[in-house]
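There are 2 protein chains.
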Amino acid sequence: MSNAATTDLLQQRYGEQHAANALNNPVIDHLLNHRSVRSYSDRALPDGTLETLIAAAQSAATSSNLQAWSVIEVRDPARRARLARLANNQRHIEQAPLFLIWLADFSRAQRIASQHYTELRAPSYLDSLLVGSVDAALAAQNAVVAAEALGLGTVYIGALRNDLQAVVDELELPPLVYPVFGLCVGYAATDSAIKPRLPQAVTLHHETYQVDAAQEQRLIGDYEALAAAFSRAQGQNTPGWSEQVINRLKDESALHGRERIGKVLNDQQLALR
Amino acid sequence: MSNAATTDLLQQRYGEQHAANALNNPVIDHLLNHRSVRSYSDRALPDGTLETLIAAAQSAATSSNLQAWSVIEVRDPARRARLARLANNQRHIEQAPLFLIWLADFSRAQRIASQHYTELRAPSYLDSLLVGSVDAALAAQNAVVAAEALGLGTVYIGALRNDLQAVVDELELPPLVYPVFGLCVGYAATDSAIKPRLPQAVTLHHETYQVDAAQEQRLIGDYEALAAAFSRAQGQNTPGWSEQVINRLKDESALHGRERIGKVLNDQQLALR
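As they're listed, the protein sequences go chains A and B. Be aware that the first sequence starts at 1, since it is given in our numbering, and climbs by one per residue. Be aware that the second sequence starts at 1001, since it is given in our numbering, and climbs by one per residue.
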């Protein structure tokens, strides 16, 4: 059964209707306690931080042990500023003491194959794009968990795909490589709160994908209210959650250039078939 | 500086040339200690395990708070057997006490939009396939870390994409949903060891993607030797790592049907443009 600290974390995540049956454990409390950090102090990171995050990242599972990902640490302030401009002007990209860009990478595999006079055909298939992207995501999430264990905050930067060609050029990426997302890491300058999520009953299905429309509508309504109370408590005047989802997915305008990534990936010899 | 336990974990992961500068911490040691488990005992999981894993998963970051993923728990032995057959006959799919299938899901967003008489155009873009797949991967990795904190083992099942249409049918997935991978969870029946990974210097780049070909070749050679020693110690008679990579990526035959996922995703109204 949950102890008081776990119950409190679950209530912040799910409201009063929390997962009452959850088990507790220091590592699990640590995971439940996640919040994204978008404002960083200039406090330097301890020596060894980067090595530690990479070791955690490499300890995650990887499809067929291909290790089809790489990561770039960007320090140069001018390059950071250019990348921030490409990613919707998120100033934490310039501010965070550590900025990492996670790559799906089949170029290394091709270099290995070239030494054996072999051309690889599989990387250009759509499935390989998923293999590399998922590999990078599993690795990065382990780095996030490790960073938080060191008292650091993080935020993912998906907007690095807004102008994918410019980022490919900036990072001098060879064919068979693409940037999946960025990640800022540093000490939080301000407190941030645990963001509520959808009820488990909306996210978890049993046996097959079945939806009870009336129940789903009611549970999403409950979440809408919880998310609105959260926004008010944060002093934010945001639209309701459903409206945010619709605005983000309604048409190309909300993709901020990401509607064009297919072409750039193809130029990188990825997702060709 | 690392303590003795952390140093031991890093040596198992990287060999003698480990990341000597890594910081230590119980959560980080926990991450470094990961190994995949492919043989499960029939010991039942404690009540609340599933709720705990889902709470951890939902605590991970999600792009624009879209929460563009769902998960299906499959218990029915007949369905498990059919899924195992579709995924390269991996018997742990039938054996593990818990089997979860992680989905990229824009169907829920479309149901919300439909209540507002809106058709969503963005989900059919390739970028949305990545958003949903990355969301699912971040969530699942948190579930893996939580499972291991409860003393459980896990293994990802990417082979669930080998015959994607059959899995879509089996799980009755609506348009705008696809299964990214499966995940087995349970108590390990046998010990498994920490698998070595590439040296950090091969995976981590600075500022831009630059490769010193001679250094990379040497470091990959070192890794090849480490991986071979690991395989021998496990009593496995496997080809060298480079050969495994080439065999897995050389041509369509090693994709085991995954060369056809583009068509299935398109039929699911995903990755159309």
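Every residue gets a Cβ at the ideal spot worked out from N, C-alpha and C, and that includes glycine. Computed from a predicted structure; not experimentally measured.
With burial defined as no fewer than 16 other Cβ atoms inside 10 Å of the residue's Cβ, what is the status of Met-1001(B): buried or exposed?
Unreliable placement is indicated for Met-1001(B), whose pLDDT of 46 sits below 50; no coordinate value is reported for it.
From the DSSP output, in three-state form, read off Leu-1083(B) for me.
Correct three-state label for Leu-1083(B): helix.
When DSSP labels each residue in this structure, what does Gly-262(A) get in the three-state scheme?
If DSSP states are grouped into helix, strand and coil, Gly-262(A) belongs with the helices.
Could you round the C-beta distance between Gly-186(A) and Ser-41(A) to whole angstroms and report it? I think they count as a contact, below 8 Å.
About 7 Å separates the Cβ atoms of Gly-186(A) and Ser-41(A), confirming a contact at the 8 Å cut-off.
Identity of the residue in Lys-195(A), Ala-87(A), Val-144(A) and Ala-96(A) nearest Pro-179(A) by Cα:
The candidate whose alpha carbon is nearest that of Pro-179(A) is Ala-87(A).
With DSSP as the reference, label Ser-1070(B) as helix, strand or coil.
Residue state, collapsed to three classes: strand.
Would you kindly report the start and end of the unbroken alpha helix (DSSP H) that includes Gly-1132(B)?
Start and end: 1126-1149.
Alpha helix (DSSP H) containing Ile-1093(B): first to last residue?
Boundaries of the alpha helix (DSSP H) harbouring Ile-1093(B): 1092-1095, taken from the DSSP string.
Should Gln-1269(B) be flagged as near chain A, meaning a C-beta pair shorter than 7 Å?
No, Gln-1269(B) does not count as interfacial toward chain A.
Would Thr-1062(B) be called buried (16 or more neighbouring beta carbons within 10 Å of its own) or exposed?
It is buried - the Cβ of Thr-1062(B) has at least 16 other Cβ atoms within 10 Å.
Inspect the beta-carbon positions of Phe-84(A) and Ile-93(A) and report whether they are closer than 7 Å.
Looking at the sequence shown, residue 84(A) is not Phe but Ala. The answer is yes: Cβ separation under 7 Å.
I need the straight-line Cα distance from Ser-1070(B) to Tyr-209(A), nearest angstrom please.
Their Cα atoms are separated by approximately 9 Å.
For the putative contact between Thr-1203(B) and Gln-58(A), defined by C-beta atoms under 8 Å, what is the C-beta separation to the nearest angstrom?
Right, the Cβ-Cβ distance comes to about 7 Å (below 8 Å), so this counts as a contact.
Taking the alpha-carbon positions, what's the Arg-35(A) to Pro-196(A) distance?
Rounded to the nearest angstrom, the two C-alpha atoms are 10 Å apart.
Could you spell out the range, first to last residue, of the alpha helix (DSSP H) harbouring Phe-230(A)?
Going by DSSP, Phe-230(A) is part of the alpha helix (DSSP H) stretching over 213-233.
In chain A, which residues lie with their C-beta within 9 Å of the C-beta of Leu-1160(B)?
Under the 9 Å cutoff, chain A gives no residues; its nearest Cβ is about 12 Å from Leu-1160(B).
Would you identify the three-state DSSP class for Met-1001(B), choosing helix, strand or coil?
Residue placement at Met-1001(B) is flagged as unreliable, the pLDDT there being 46, under the threshold of 50; a coordinate-derived value is accordingly withheld.
In the segment 1232-1257 of chain B, which residue ranges form an unbroken beta strand (DSSP E) of at least 3 residues, counting only runs that do not cross its ends?
Counting only runs that start and end inside the segment 1232-1257 of chain B, there is no beta strand (DSSP E) element of at least 3 residues.
Can you find the residues in the same chain that come closer than 6 Å, C-beta to C-beta, to Val-1145(B), ignoring five residues on each side of it along the sequence?
Non-local C-beta neighbours of Val-1145(B) in its own chain, meaning closer than 6 Å and more than five positions away in sequence, are absent.
Among Asp-163(A), Leu-226(A), Phe-230(A) and Ala-147(A), which one has its Cα closest to the Cα of His-30(A)?
Checked all of Asp-163(A), Leu-226(A), Phe-230(A) and Ala-147(A); the closest Cα to His-30(A) is Ala-147(A).
Which residue comes first and which comes last in the beta strand (DSSP E) that contains His-116(A)?
Segment: none, His-116(A) is in no beta strand (DSSP E) and carries neither H nor E.
Using the beta-carbon count (16 or more within 10 Å), is Leu-1045(B) buried or exposed?
In this structure Leu-1045(B) is buried. Its beta-carbon is surrounded by 16 or more other beta-carbon atoms within 10 angstroms.
Using the three-state DSSP reduction, which class does Pro-179(A) fall into: helix, strand or coil?
DSSP places Pro-179(A) in the strand class (E or B) of the three-state scheme.
Nearest-angstrom Cα distance between Thr-1007(B) and Ala-188(A)?
Each residue's alpha carbon lies about 29 Å from the other.
Check Val-1168(B) in the structure and name its three-state DSSP category.
It is helical.
Can you tell me whether Thr-208(A) is helix, strand or coil according to DSSP?
Coil.
Beta-carbon proximity list for Ile-261(A), same chain, < 7 Å, skipping 5 on both sides
Excluding sequence neighbours, Ile-261(A) sits near Arg-161 and Leu-164.
Looking only at its chain, what residues have a beta carbon closer than 8 Å to the beta carbon of Asn-1247(B), apart from the 5 residues adjacent to it on each side?
Closer than 8 Å at Cβ, skipping near neighbours: Pro-1239 and Ala-1254.
Cβ of Ala-1225(B) less than 7 Å from any chain A Cβ?
Ala-1225(B) does not count as touching chain A.
Any chain B beta carbon closer than 7 Å to Pro-179(A):
Pro-179(A) does not count as touching chain B.
Check whether Leu-1138(B) and Ala-137(A) have beta carbons under 7 Å apart
Yes, the Cβ-Cβ distance between Leu-1138(B) and Ala-137(A) is below 7 Å.
I need the straight-line Cα distance from Val-177(A) to His-1256(B), nearest angstrom please.
Each residue's alpha carbon lies about 23 Å from the other.
Report yes if the C-beta of Gly-1262(B) is less than 6 Å from at least one heavy atom of the ligand PLP; otherwise report no.
Annotation note on the ligand PLP: not contained in the displayed structure, which lists no ligands.
Neighbouring residues, chain B, relative to Thr-118(A) (Cβ below 7 Å)
Result: Ile-1246 and Lys-1250.
Coarse secondary structure for Thr-1190(B), derived from DSSP in three states:
Thr-1190(B) falls in the coil class under three-state DSSP.
Taking the beta strand (DSSP E) that Leu-1103(B) belongs to, which residues open and close that run?
Where Leu-1103(B) is concerned, the enclosing beta strand (DSSP E) starts and stops at 1098-1105.
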